[in-house]
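Peer 1: Note that my numbering has the sequence shown beginning at 1, numbered continuously upward. Glycine included, every Cβ here is placed at the ideal spot set by N, Cα and C. If you scroll down you'll find the structure; I have some questions about it.
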Amino acid sequence: MFPRRSSSSSPSRQEPAASSPMVAEDIPPPTRLHWAVFFWGGLTLILLFLGLSITSLTNNDIWLHMANGRWILEHGQVPLTDPYSFSAAGHRFHAHEWLAGVIFHLVHLLAGVNGLIFFKTALGGTALALTMTAAYRQGARPVSLALCTMVTLAVVNSRFLERPEMFSFAFTALYMLILARDHQRHGQPAAARGGLRDFLQASLLWWLVPVQWLWVQIHGYFITGLALAGTFLLAETLDRLLRRENPGSRPPLRRLISGWAALGVMTVLGLINPNGYEIYLFPFRLAGGDNIFMQTIFEWRPTFTTGLMTQSSMFLAFCAWLSLLTVGCLASPGLLRRDRLWRGVSIIGLLLLPALRPVLAAGATLSQAWESLRTGSALSALPLRAGTGLPGAAWLWSPAELMGSITGQPGLAAALSAPLAPLRLLGGWGDDLFTLVWLALAVMTVLRWRRPAAAGLAVLATLLTFLALLAGSWAAGLMALTLLPALAWATWSKRLPFWHMAVTLVFLVLALRQNRNIVNFALVTLPLVAPALTRLRTALPRAASPGDRRRAAMVAAAATALAGTFLVVLTFTTGWPYTPGITKKVGLGVGSRIPSGAVAYIRDRDLKGQVFNKYAYGAYLIHELYPATRVFMDSRNAVYGEKLYKLYLNTLNVEQVAARTFKTYHFDYVAIDYTFYPGRSPDQGLLSYLRSRPEWVLVEFDDRSLIYVRDGPEHADLIRRDAYRTLDPTAYAPGRLRDASARVRAAFAAESSKALARHPGSRAARLLSAEAALVAGRDTAALELYEQVLAADPGDIFALVTAARVALRLGQREQGLAHYRHALALRPALEDLRTEFLQAQERGL
Numbered sequence: 001m002f003p004r005r006s007s008s009s010s011p012s013r014q015e016p017a018a019s020s021p022m023v024a025e026d027i028p029p030p031t032r033l034h035w036a037v038f039f040w041g042g043l044t045l046i047l048l049f050l051g052l053s054i055t056s057l058t059n060n061d062i063w064l065h066m067a068n069g070r071w072i073l074e075h076g077q078v079p080l081t082d083p084y085s086f087s088a089a090g091h092r093f094h095a096h097e098w099l100a101g102v103i104f105h106l107v108h109l110l111a112g113v114n115g116l117i118f119f120k121t122a123l124g125g126t127a128l129a130l131t132m133t134a135a136y137r138q139g140a141r142p143v144s145l146a147l148c149t150m151v152t153l154a155v156v157n158s159r160f161l162e163r164p165e166m167f168s169f170a171f172t173a174l175y176m177l178i179l180a181r182d183h184q185r186h187g188q189p190a191a192a193r194g195g196l197r198d199f200l201q202a203s204l205l206w207w208l209v210p211v212q213w214l215w216v217q218i219h220g221y222f223i224t225g226l227a228l229a230g231t232f233l234l235a236e237t238l239d240r241l242l243r244r245e246n247p248g249s250r251p252p253l254r255r256l257i258s259g260w261a262a263l264g265v266m267t268v269l270g271l272i273n274p275n276g277y278e279i280y281l282f283p284f285r286l287a288g289g290d291n292i293f294m295q296t297i298f299e300w301r302p303t304f305t306t307g308l309m310t311q312s313s314m315f316l317a318f319c320a321w322l323s324l325l326t327v328g329c330l331a332s333p334g335l336l337r338r339d340r341l342w343r344g345v346s347i348i349g350l351l352l353l354p355a356l357r358p359v360l361a362a363g364a365t366l367s368q369a370w371e372s373l374r375t376g377s378a379l380s381a382l383p384l385r386a387g388t389g390l391p392g393a394a395w396l397w398s399p400a401e402l403m404g405s406i407t408g409q410p411g412l413a414a415a416l417s418a419p420l421a422p423l424r425l426l427g428g429w430g431d432d433l434f435t436l437v438w439l440a441l442a443v444m445t446v447l448r449w450r451r452p453a454a455a456g457l458a459v460l461a462t463l464l465t466f467l468a469l470l471a472g473s474w475a476a477g478l479m480a481l482t483l484l485p486a487l488a489w490a491t492w493s494k495r496l497p498f499w500h501m502a503v504t505l506v507f508l509v510l511a512l513r514q515n516r517n518i519v520n521f522a523l524v525t526l527p528l529v530a531p532a533l534t535r536l537r538t539a540l541p542r543a544a545s546p547g548d549r550r551r552a553a554m555v556a557a558a559a560t561a562l563a564g565t566f567l568v569v570l571t572f573t574t575g576w577p578y579t580p581g582i583t584k585k586v587g588l589g590v591g592s593r594i595p596s597g598a599v600a601y602i603r604d605r606d607l608k609g610q611v612f613n614k615y616a617y618g619a620y621l622i623h624e625l626y627p628a629t630r631v632f633m634d635s636r637n638a639v640y641g642e643k644l645y646k647l648y649l650n651t652l653n654v655e656q657v658a659a660r661t662f663k664t665y666h667f668d669y670v671a672i673d674y675t676f677y678p679g680r681s682p683d684q685g686l687l688s689y690l691r692s693r694p695e696w697v698l699v700e701f702d703d704r705s706l707i708y709v710r711d712g713p714e715h716a717d718l719i720r721r722d723a724y725r726t727l728d729p730t731a732y733a734p735g736r737l738r739d740a741s742a743r744v745r746a747a748f749a750a751e752s753s754k755a756l757a758r759h760p761g762s763r764a765a766r767l768l769s770a771e772a773a774l775v776a777g778r779d780t781a782a783l784e785l786y787e788q789v790l791a792a793d794p795g796d797i798f799a800l801v802t803a804a805r806v807a808l809r810l811g812q813r814e815q816g817l818a819h820y821r822h823a824l825a826l827r828p829a830l831e832d833l834r835t836e837f838l839q840a841q842e843r844g845l
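The following block contains the structure:
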């Protein structure tokens, strides 16, 4: 984030007005304070990127890619049939990401897991640097570029994972840079008509030929490279055919012919790969149609109609990005000088926003939203707090609660909330972030009343974001209907290159179809949005004094840097919020989602053979245990096909199907996941089957995984030493042990002690051991275990409430009441808990 020189002072950057209509402003040179603000903004941008990228490895697929790389190096060839499973042995295996697997395997050999994390960070940084360079070359200025990059980071960071698509992100950004540069050569004289060398130099797309071949060997997104180049050339060709009034601004014919030839060579050269022509069919077979994979795998589901997606910060950022893109297309001085229009937009938007807020928070449908707005019931909604777990919940964060979370002092929220009480407007919005956003927009509207365009645009962008956050197919249609005319108008008025509009529409369709494509959409449109916002700023009515304009520019830079600082603090303290209950935290090593504990047990106990495993576990089991263990299922969907995948899903969920599957296939052991949740109903399906069959014995569990083995001579010693015959973490109900016999109590206590000895830091083992201690009358020991759970996770509601009760029973009143207060701060809507807390207070008076 550094001040850029005026385009007039750089003779090497003479670009056509249609591509980069920058206007030199009469602003005095920056002072030291300006440089300090720009340096601050640039530093926050770098820190934000590092905080969102350097995170523990939680992606399961990376282990399969590394296993492929290892297999290829060991055998000297790429596998064409499945070598890893027993259920699909011999099935066709398109190892289309073989080169990425080799690279990842070598990085892991040389630098371990942390090396993979830093390698991912380098690829992500390359992608962002390239697309920012493309935006800069098309006229983006530092403040607009920094703001857009922050929003882009909010969009893309959820898919910045140790996967081959990281290469694709970098390649996509490189394509955008090359295509933008090729477009900017329109005004330059074409090379003299000569031989092959001049023909190759006519188009920069020839630089992409080796990149495209490399991309084919690395990731299935290579199709988007051809789509980018093809869309660019088609748009440029149409531009030449339709733009006849100014021949000098049209793409030169020789350059177009050279570009089409380069695209043809890319396509043909891509046939040189281990899978031949099938590589072009494989992505469409895998992701086309409406098969079971498209219906059940999260990343392949549509963006606006997938519940978990619409509750994520990625969706919030995507909606904001679409709004910025729409608003950025309105950079017309004539339009922005219509003061009455923008005053009306501001007033109407400020009136609509408070009505939409509670509707949004309730996750209402379109008909419910309309009814709420029509009757006015939306205005009477009660304040909603952070962590509601509903669409748009990020807008409802309480700054007071956020500070309490950052400092680890929940009581701080109540202290900070008091000064914010006057902000409760129109039916009690509460001291939440939405109130502050609304007030900022209202203040901006008043201060900018004489030049209202900026305030009107800010209100419009916020309103569009809220409408998009209502989600559903209608919201997607609304955003498309809003964005399409804006893009068309910007293109027709020559503020947006025709090719960029075409590319934006292609990738918008892909992003709406599958949420995983949002990242590509953001990277492709960053070189559009950042220059568009710069042009918008230039087109806005400005103050008369150059000094005033300089101060306004510094305020904008400082505000952007301040926003970045807030995001950096959030990322490095509480972690970046992804979905309700899931945060992305800075860290190294292997994350908790990887079944490393289960695999360590399997290796230590020398378990071998055929395993029924969780889908997400397959890749890690293959990498760590192949060839001694053969999996039933992993994430190579094309290898297993729909029939086997449906059988797997039904085996997990239907007990009768589980019985048939275990009769059809021989399994030596089972490795699956579970969630330890005290008081939950026992799981049905596979767990119910395993629980009811004496030939299957639970021998290991931690906070994530369960290991069952078949009862037989080969496992006799293991079962005698490790079996859990009484304790079942999947069906644990607090208090039930009190009604059990003395023999069962003793067995439960022994097995919970064994579990705690194996996994001293396990939440499940601690809570089970605490239950055994309570039943035995050892309340002090139980309280100590609950406190250990809370030390690891201060927000554990079950541990908080139970610890409060035990502390009060032991006479530790202040400790017990403190736990009650903490629990209520986290779950203020639990009336039974509030009643219990008030009764505990009264007993002490």
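Please report the residue range of the alpha helix (DSSP H) in which Asp61 lies.
Peer 2: Taken as a continuous stretch (DSSP letters only), the alpha helix (DSSP H) holding Asp61 covers 61 to 75.
Peer 1: From the DSSP output, in three-state form, read off Ala733 for me.
Peer 2: coil
Peer 1: The ligand NAD and Gly225: does the residue's C-beta get closer than 7 Å to at least one heavy atom of that ligand?
Peer 2: Looking for the ligand NAD in the displayed structure turns up nothing, as the structure carries no ligands at all.
Peer 1: Assuming the contact rule is C-beta atoms closer than 8 Å, Trp489 and His183 should be a hit. Round their C-beta distance to whole Å, please.
Peer 2: That belief does not hold up - the Cβ atoms of Trp489 and His183 are roughly 20 Å apart, past 8 Å.
Peer 1: Quick one: Cα of Pro164 to Cα of Ala100, how far?
Peer 2: 6 Å
Peer 1: Near Leu478, which residues of its chain fall below 7 Å by C-beta distance, leaving aside the five closest residues on each side in sequence?
Peer 2: Leu467
Peer 1: Can you find at least 3 beta carbon pairs, one from the segment 34 to 53 and one from the segment 114 to 125, that sit closer than 8 Å?
Peer 2: yes
Peer 1: State buried or exposed for Val37, treating a residue as buried only when at least 16 other CB atoms are found within 10 Å of its CB.
Peer 2: buried
Peer 1: I'd like to know if the segment 156 to 172 and the segment 216 to 226 are in contact, where contact means that at least 3 CB-CB pairs between them fall below 8 Å.
Peer 2: yes
Peer 1: Which residue from Leu57, Gly195, Ala134, Pro274 puts its Cα closest to that of Val78?
Peer 2: Pro274
Peer 1: Which of the three DSSP states is assigned to Asn637 in this structure?
Peer 2: helix
Peer 1: For Ile292, write down the residues that DSSP places opposite it in a beta bridge.
Peer 2: None, per the DSSP bridge assignment.
Peer 1: Would you mind stating whether Ile719 and Val744 have Cβ atoms separated by less than 8 Å?
Peer 2: no
Peer 1: Short check: CB of Leu625 to CB of Arg603, under 8 Å?
Peer 2: yes
Peer 1: Check each candidate in Asn517, Asp717, Asp779, Tyr677 and name the one with the smallest Cα separation from Asp796.
Peer 2: Tyr677
Peer 1: Short check: CB of Ser313 to CB of Ala154, under 8 Å?
Peer 2: yes
Peer 1: Keeping to the same chain, check which residues put their C-beta closer than 7 Å to that of Trp260; ignore five residues upstream and five downstream.
Peer 2: Leu233
Peer 1: Buried or exposed for Trp35, please, with buried defined as at least 16 other CB atoms from any protein chain shown within 10 angstroms of its CB.
Peer 2: exposed
Peer 1: Could you round the C-beta distance between Arg141 and Arg181 to whole angstroms and report it? I think they count as a contact, below 8 Å.
Peer 2: With a Cβ gap of about 19 Å, Arg141 and Arg181 do not count as contacting.
Peer 1: Does the beta-carbon distance from Trp300 to Gly456 come in below 8 Å?
Peer 2: no
Peer 1: Quick one: complete beta strand (DSSP E) runs, 3+ long, within the segment 270 to 330?
Peer 2: none
Peer 1: DSSP state of Tyr578, grouped into three classes?
Peer 2: Tyr578 falls in the strand class under three-state DSSP.
Peer 1: Looking only at its chain, what residues have a beta carbon closer than 6 Å to the beta carbon of Thr375, apart from the 5 residues adjacent to it on each side?
Peer 2: Low confidence applies to Thr375: its pLDDT is 45, below 50, so where it sits in the model is not reliable, and the reading given next is rough at best. The answer is none, since no qualifying residue turns up.
Peer 1: Report the residue from Tyr732, Leu177, Val806, Val631 whose alpha carbon sits nearest the alpha carbon of Leu64.
Peer 2: Val631
Peer 1: The beta strand (DSSP E) that contains Tyr136, what's its start and end?
Peer 2: Taken as a continuous stretch (DSSP letters only), Tyr136 belongs to no beta strand (DSSP E), being part of the alpha helix (DSSP H) at 98 to 137.
Peer 1: Just checking my contact of His96 with Phe282 at CB under 8 Å: how many whole Å lie between their CB atoms?
Peer 2: Contact flag correct, Cβ pair sits at about 6 Å.
Peer 1: Mind listing, in chain order, the continuous alpha helix (DSSP H) runs of no fewer than 4 residues lying wholly within the segment 759 to 800?
Peer 2: 763 to 775, 779 to 792
Peer 1: For the pair the segment 588 to 604 and the segment 644 to 656, tell me if three or more CB-CB distances fall below 8 Å.
Peer 2: no
Peer 1: Which residues in the same chain as Glu700 place their Cβ atom closer than 6 Å to its Cβ, once the five residues preceding and following it in sequence are excluded?
Peer 2: Tyr601, Ile707
Peer 1: Grab the span of the beta strand (DSSP E) containing Asp673 for me, first residue to last.
Peer 2: 669 to 673
Peer 1: Hey, which unbroken runs of the beta strand (DSSP E) at 3 residues or more fall wholly within the segment 574 to 633?
Peer 2: 576 to 579, 582 to 584, 609 to 613, 629 to 631
Peer 1: Mapping DSSP to helix, strand and coil, what is Leu460?
Peer 2: helix
Peer 1: Between Ala716, Lys584, Asp702, Leu496, which has its C-alpha nearest Thr55's C-alpha?
Peer 2: Lys584
Peer 1: So for Ala829, helix, strand or coil by DSSP?
Peer 2: coil
Peer 1: Where does Phe701 sit, in a helix, a strand or coil, going by DSSP?
Peer 2: strand
Peer 1: Check Thr726 in the structure and name its three-state DSSP category.
Peer 2: coil
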